[in-house]
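Chemist: Using the working numbering, read the sequence shown as starting at 12 and increasing by one per residue. Ideal Cβ positions, reconstructed from N, Cα and C, are used throughout, including at glycine. Owing to the predicted nature of the structure, the values given are computational and were not obtained by experimental measurement. Quick one: structure below, then a few questions.
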Amino acid sequence: MITTENTSTDTVLVVMDGSTRAHAIVHQVLRSGRNVVLTGPSSHDVVPFVDAAVRDRVWAVVSDPSDPDQVAAVIERATDIVGPVIMIVDPSGLLSDARSADRLVA
């Protein structure tokens with residue numbers, strides 16, 4: 012369990028792929044005090060972080076990372092829910108248009 016208090020409104024979008032690497036990245040981001048948006052093609056990839064201990068700091072949404080419109084919608088909505096997205100981490104390269112997504116972050 013992660014108990015770091017939320018000291019930042021900055022948010023990192025992590026594209027989940029079910030790997031231990033992606034899970035480790037999420038834990039590192041939370042320990043740093045930043046919020047996290049998790050997205051991935053399957054609820055199985057994001058459900059492990061739907062946890063009451065971090066409910067105000069994590070937003071999990073199932074989307075297709077290969078669809079730029081869905082990624083743009085996630086980034087836009089994330090800003091309203093957990094704060095402005097400042098970085099995107101895509102450990103497995105699931106984003107089909109990473110440059111377009113990068114232009115949407117703060």
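Let's test the definition: count the other Cβ atoms within 10 Å of the Cβ of residue 45 and tell me whether it reaches 16, buried, or not, exposed.
Modeler: Counting Cβ neighbours within 10 Å, residue 45 comes out buried, since at least 16 surround it.
Chemist: What is the DSSP secondary structure of residue 41, reduced to helix, strand or coil?
Modeler: Reduced to three states, the DSSP call for residue 41 is helix.
Chemist: Residues in the same chain with beta-carbon distance under 8 Å from residue 126, minus the five sequence neighbours each way, listed in chain order, please.
Modeler: Any property of residue 126 remains undetermined from this structure, which presents the chain solely from 12 to 117.
Chemist: If you run the structure through DSSP and keep just helix, strand and coil, what is residue 82?
Modeler: It is helical.
Chemist: Using 8 Å as the threshold, is the C-beta distance between residue 37 and residue 48 below it?
Modeler: No, the pair does not count as a contact, with Cβ atoms beyond the cut-off.
Chemist: Return the CA-CA distance between residue 22 and residue 71, expressed in angstroms with no decimal places.
Modeler: If you take the alpha carbons of residue 22 and residue 71, they lie about 12 Å apart.
Chemist: Under the three-state reduction of DSSP, which class applies to residue 20: helix, strand or coil?
Modeler: Correct three-state label for residue 20: coil.
Chemist: So if DSSP puts residue 51 in a beta bridge, which residue, or which two residues, is it bridged to?
Modeler: Paired residues: 73.
Chemist: Less than 6 Å between C-beta atoms, sequence neighbours within five positions excluded: which residues of the same chain meet that for residue 98?
Modeler: Cβ neighbours of residue 98 beyond the five flanking positions: 23.
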